[in-house]
Amino acid sequence: MNNKVELVCPAGSFPALRAAVDNGADAVYMGFRDGTNARNFPGLNFDERQARRGIEYARSKGTKVLLALNTYPQPQTWGTWTHAVDMAADLGVDALILADAGLMRYAATTHPDLRLHLSVQGSATSYEAIEFYREHFNIQRVVLPRVLSMPQVRRVLQNTRVEIEVFAFGSLCVMVEGRCYLSSYATGESPNTCGACSPAKSVEWSETSRGREVRLGGVLIDTYKPEESAGYPVLCKGRYLINDDLRYAMEEPTSLSVLDILPELVRMGVSAVKIEGRQRSPAYVAQVTRVMRQALDACQADPDSFVPRSDWIAALDKMAEGSTHTLGALERQWQ
Amino acid sequence: MKLSLGPLLYFWPLEDVRAFYREAAGWPVDTVYLGEVVCSKRRPPKLEDWLAIGEELADAGKEVVLSTLALIEAESELITLRKIVENGRFSVEANDWGAVRLCAKHDIPFTAGPHLNVYNQETLVLLAGLGAQRWVMPVELPRETLAAMQAGRPEGMETEVFAFGRMPLAFSARCFTARAHNLPKDDCQLRCIDYEDGLVMRSQDEQPFLTINGIQTQSDTTADLIAEIPDMQSLDVDVVRLSPQAHHMGHIAAVFHAVMAGELSPEAAVQKTTRLTAGTPCNGYWHGQAGMNWTAPDLEAVKE
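Read top to bottom, the protein sequences are chains A and B.
Quick note: the first sequence uses numbering that gives the first Met the number 0, first residue 0, plus one each step.
Quick note: the second sequence uses numbering that gives the first Met the number 0, first residue 0, plus one each step.
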């Protein structure tokens, strides 16, 4: 049987970190309170003092701490990112999650003993790309973009010794992570440049005779009827006109959940499964971590007879965008 | 300063592709990027077809570069990638770090394409060490970043700016053209061949917003930086890229060339090119704003 699969959970704040640790996370991932990470939202993330406190708490319970520095620094602000790398090394995190090749070069040169993971924002979708980062920076793990089918994930696993981490649950990026400028096209800020997708300051809601309209950077991305619930507005999950047909042109509001195929992922040899949602509440983190812990334990104990429990599915759907889930690109049909 | 024709991002019938490049041989462009960047199912043209087109363009005095697929998922795509890298005739534009690895392994000089996410000098120095001779700035970066990059770029590294065309904004595993036709990707029937400049996606208040191009999402607006050419010249930009659209490309290339040669004022040129764009013009990214924005450069003065 394979080695233990690590459950990696989001920590957008100290209460969320505690919720993840207390509910069975093997590792938590966090970011600093600025544009150096891809969840740069007001009120989220950690300053140095809080990070120390978080790491201390996680360590006391045997949980690892990973630090995400997964945006792309530009020359004018390069120093902010290298300072963040140095601070993370000083804090003694278990690994850095990096996207930018230049920053990876800095980290590998300056802190050769620091364990490096390639972020999903690094857009490495093939073993050739992953091997590039291993050869040059000795990365130990890669988080796969949500674009590969199951056979393609297997193919990657068979052709690299870098550990593979896949997303298990949470909001679904429809586009290849790290290569999506939709947000900056409408608002001027993107995940790559600012750590923000559809920044709150660019969102406008208005009640009209047609319904509740939501605009991003002035562009009408959806209109909700009174009985429809509205999620956080992102460009790729709005309704648009194509050939005069009004539809979810890219994707409907839904979340990724791999519960149904967990045994296959475990058998295949993935090293870690990740829960998305550093921007979500501590209650979300607690609930999703608890369910995934139980599921992963059951699956690893006896993958052949693993069946997702209906109460797990119900609990996760309650936390999901649009209260529904999909396997995303892992399932060929979705593509 | 040189002028380039970026890779064709749409799927056109083979005869149209051949005809387009036969004409391009006579346009004032120095470099032509060839090959499929968006979707590996788009064949023909096969690699052999692209190589044949490349020979004709080389005979016409053009520098020919083979562009690689931006999103690589399947083993078959890696096989094609290796063939491109090892073609032995033309240099390569690497659009993925796997392509960079292969170019470096085979000691092949390459262009770091716009999809590699080169956002800082450290990345550029890394690429230079691996054999990159040119880099294409990601479309979302502003002039201010370009200026900072130019101030510290490695010796011999050329800089190319995407200056005209609908901008590639995102890639997905999902094919949105197939989805628009209620078809699964595995049975897409190559419907993108019906949309020579992509399929427009409009907001519910009828404003054109994005362009669907298979697994790629583009802007609906067309980037037009012709008015910034003097600024680019002062920043020592080496290559200005025009991304193909179905109509007026020869005319557009001629106008860009005239501005670069100092034969036409940027103010007069922008009046010409903005009439020829597939979508309405934009230059927001250049000015550090939302990419879809358009700031008419000095046009007010011209009108008055």
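Glycine included, every Cβ here is placed at the ideal spot set by N, Cα and C.
- Query: To which residues of the same chain is Leu326 (chain A) closer than 8 Å at the C-beta, ignoring the five residues directly before and after it?
  - Reply: Leu255, Ser256, Val257, Asp259, Ile260 and Trp333
- For the segment 238–298 of chain A, which segments carrying the alpha helix (DSSP H) assignment without a break, of at least 4 residues, lie completely within its bounds, in sequence order? 261–267
- Task: Mark Trp204 (chain A) as exposed unless 16 or more other C-beta atoms lie within 10 angstroms of its C-beta, in which case mark it buried.
- Result: exposed
- How would you list, in chain order, the residues of chain A whose beta-carbon sits under 7 Å from the beta-carbon of Phe175 (chain B)? Ala248 and Met249
- Query: Taking only beta-carbon atoms, is Leu189 (chain B) less than 8 Å away from chain A?
  - Reply: no
- Item | Where the segment 198–231 of chain B meets chain A: residues whose CB sits under 9 Å from a CB there | Leu198, Val199, Met200, Arg201, Ser202, Gln203, Asp204, Glu205, Gln206, Phe208, Leu209, Ile211, Ile214, Thr216, Ser218 and Thr220
- Residue interval of the alpha helix (DSSP H) (run including Gly164 (chain B)): No alpha helix (DSSP H) holds Gly164 (chain B); the beta strand (DSSP E) holding it covers Glu157 to Phe170.
- Task: Output the distance between the C-alpha atoms of Pro137 (chain B) and Cys179 (chain A), rounded to the nearest integer angstrom.
- Result: 11 Å
- Do the CB positions of Phe89 (chain B) and Leu65 (chain B) come within less than 8 Å of each other? yes
- What residues are listed by DSSP as bridge partners for Asp221 (chain A)? A:Val213
- Message: Measuring only the C-alpha atoms, how far is Thr176 (chain B) from Arg190 (chain B)?
- Response: 7 Å
- Is there a Cβ from chain B that is less than 8 Å from the Cβ of Gln75 (chain A)? yes
- Message: Output needed in chain order: residues of the segment 92–124 of chain B with a Cβ under 9 Å from some Cβ in chain A.
- Response: Asp95, Trp96, Gly97, Ala98, Val99, Arg100, Leu101, Ala103, His114, Leu115, Asn116, Val117, Tyr118, Asn119, Gln120, Glu121, Thr122, Leu123 and Val124
- Query: Given that Ser3 (chain B) touches chain A, what residues does it touch there, using C-beta distances under 8 Å?
  - Reply: In chain order: nothing, as chain A lies at least about 21 Å away.
- Which whole runs of the beta strand (DSSP E) in the segment 89–128 of chain A are 3 residues long or more, in chain order? 94–97 and 115–117
- Query: Taking DSSP as the reference, what is the three-state secondary structure of Arg201 (chain B)?
  - Reply: strand
- Item | is_contact[Ala260 (chain B), chain A] using C-beta, thresh 8 Å | no
- Message: 8 Å is my cut-off, CB to CB: does Ile312 (chain A) come that close to chain B?
- Response: no
- Arg142 (chain B) - containing alpha helix (DSSP H), residue span: Arg142 to Ala150
- Opening and closing residue of the alpha helix (DSSP H) in which Thr192 (chain A) lies: Pro190 to Cys193
- In angstroms, rounded to a whole number, what distance separates the CA positions of Phe208 (chain B) and Arg142 (chain B)? 24 Å
- Task: Check whether the Cβ atoms of Val84 (chain A) and Leu65 (chain A) lie closer than 8 Å to each other.
- Result: no
- Message: Taking the alpha helix (DSSP H) that Phe208 (chain B) belongs to, which residues open and close that run?
- Response: Note, Phe208 (chain B): premise wrong, no alpha helix (DSSP H); beta strand (DSSP E) at Pro207 to Asn212.
- Where the segment 28–55 of chain B meets chain E: residues whose CB sits under 7 Å from a CB there: Protein chains in the displayed structure are A and B, and chain E is not among them.
- Kindly indicate if chain B contains any beta-carbon less than 8 Å away from that of Glu130 (chain A). yes
- Based on the DSSP output, what are the partners of Cys281 (chain B) in its beta bridges? B:Ala222
- Item | CA-to-CA distance, Ile96 (chain A) to Ala98 (chain B), given in whole angstroms | 22 Å
- Taking the alpha-carbon positions, what's the Glu299 (chain B) to Ala268 (chain B) distance? Residue confidence is low: Glu299 (chain B) scores 48 on pLDDT, short of 50, so the model does not pin down where it sits. Its coordinate-derived value is still stated next. C-alpha separation (whole angstroms): 14 Å.
- Message: Would you say Gly53 (chain A) lies against chain B (beta-carbon separation less than 8 Å)?
- Response: no
- Item | Length-filtered (4 minimum) alpha helix (DSSP H) runs lying within the segment 158–207 of chain A | 181–186 and 190–193
- Message: Whole angstroms are fine: how far does the CA of Glu205 (chain B) sit from the CA of Tyr283 (chain A)?
- Response: 37 Å
- Quick one: Cα of Gly101 (chain A) to Cα of Cys196 (chain A), how far? 22 Å
- Item | Beta-carbon contacts of Gly5 (chain B) that lie in its chain and below 6 Å, excluding the five residues immediately before and after | Tyr32, Arg240 and Ser242
- Task: Flag Ala268 (chain B) as yes if its beta-carbon sits less than 8 Å from any beta-carbon of chain A, otherwise no.
- Result: no
- Message: Is there a C-beta anywhere in chain B that falls below 8 Å from the one on Ser189 (chain A)?
- Response: yes
- Message: Let me see if you follow: with CB-CB separation under 8 Å, is Phe163 (chain B) close to chain A or not?
- Response: no
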